[in-house]
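Asks: One structure follows; several queries about it will come next.
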Amino acid sequence: MTNIAIFGANGRMGKVLCEAALISGNTSLAAAYVRDQHDLIGTKVQHFINQGETGVAFSTEAVIAEDVDVAIDFTLPAGMKKHLATALARKTPLVIGTTGLTAEDMTELEQAAKHIPIVFSRNFSVGINLLENLVKQAAKTLSDDVDIEVFELHHRHKIDAPSGTALMIGEAIAQAKGWDHDEVAVFDRSQDEHEKSQKEIGYSVMRGGDIVGEHTAYFAAEGERLELTHKASSKMTFAKGAVRAAAWLKDKPVGLYTMQDVLGFR
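Given below as structure tokens:
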């Protein structure tokens with residue numbers, strides 16, 4: 001049994017993570033953390049997510065409880081960095097699904113992973129991680145005269161655009177092609193005065209309603225088009241993947257892992 005703590009447990013994703021930790025057969029919810037002085041401190045988590053009146057109460061994020069085996073963070077970059085420092089102080093393994101991280105943030109994660117085991121992924125869905133492998137295969141197999149585009153849709157509350165998952169897909173394609181992603185990624189064509197190059201990956205974004213997440217990689221050639229799509233209909237998909245990663249991470253040596261490692265894809 002893996003005892004899990006959730007940072008940002010009162011947020012939209014935090015609530016689902018708490019539920020996923022509770023319903024998993026090999027994990028337990030050991031702690032649910034919220035900001036200092038939050039009104040929910042002392043309230044039972046199960047009551048908050050309509051799972052009963054007993055169980056773990058929300059507590060301050062300042063200190064990780066001793067019985068926590070792994071903590072999960074799906075907050076914002078500023079919060080993640082604070083929680084990372086807390087995990088380092090306690091030597092607690094950490095699963096991170098926070099997106100919108102900068103290159104500097106990633107360097108900080110890499111340094112932290114020299115002291116604690118960390119699983120970082122922009123998307124913890126099993127299907128998305130399979131899609132990552134499929135787009136690599138398509139990029140390697142198809143000739144260089146195809147046009148490559150990545151299109152993603154999310155709910156109106158999604159802040160980063162393109163999404164971390166869209167970038168993960170584009171980076172996988174670039175890696176398979178032997179391209180430098182930063183050199184071939186195109187996010188805005190409004191000022192372009194030339195036709196599309198076939199050595200580029202274009203990104204398109206839609207935000208609206210309550211769309212959980214949809215991602216499509218397009219490989220368009222003369223006479224045919226390959227579309228590889230993943231559609232998520234529930235945040236529970238990501239939460240279950242993160243909880244699975246947490247159970248996998250328990251007792252792992254220090255290092256920076258991804259969901260590809262968790263699933264045995266590499």
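Numbering (the UniProt record's numbering), first residue to last: 1 to 266. Each residue gets a CB set at the ideal place from its N, CA and C atoms; glycine is no exception. Every value quoted in this text rests on a predicted model; they were computed, and no experiment measured them.
Suppose only complete runs of 4+ residues qualify. What are the alpha helix (DSSP H) ranges in the UniProt domain "Dihydrodipicolinate reductase N-terminal" (3-124), listed by chain order?
Replies: 12-23, 45-48, 77-90, 103-112
Asks: Can at least three beta-carbon pairs, one atom from the stretch 214-221 and one from the stretch 73-85, be found at a separation below 8 Å?
Replies: no
Asks: Would you kindly check if the distance between the Cβ of Ala185 and the Cβ of Tyr203 is under 8 Å?
Replies: yes
Asks: Does DSSP put Ile159 in a helix, in a strand, or in coil?
Replies: Of the three classes helix, strand and coil, the one that applies to Ile159 here is coil, per DSSP.
Asks: So does Asp147 have its beta carbon nearer than 7 Å to some heavy atom of the ligand GDP?
Replies: Questions concerning the ligand GDP fall outside what the structure shown contains, since it holds no ligand whatsoever.
Asks: Classify His83: buried if its beta carbon has 16 or more other beta carbons within 10 angstroms, exposed otherwise.
Replies: buried
Asks: For the candidate residues Ala87, Glu152, Met13, whose alpha-carbon lies nearest to that of Gly97?
Replies: Met13
Asks: For Asn129, count the other beta carbons within 10 Å of its own beta carbon; 16 or more makes it buried, fewer makes it exposed. Which is it?
Replies: buried
Asks: Taking just the CA atoms, how far does Ala5 sit from Val34?
Replies: 11 Å
Asks: Report yes if the CB atom of Arg122 is closer than 8 Å to the CB atom of Met168, and no otherwise.
Replies: Taking 8 Å as the Cβ cut-off, Arg122 and Met168 qualify as a contacting pair.
Asks: For the beta strand (DSSP E) containing Leu226, list its first residue and its last residue.
Replies: 224-232
Asks: Quick check on Ile211: does DSSP put it in helix, strand or coil?
Replies: Coil.
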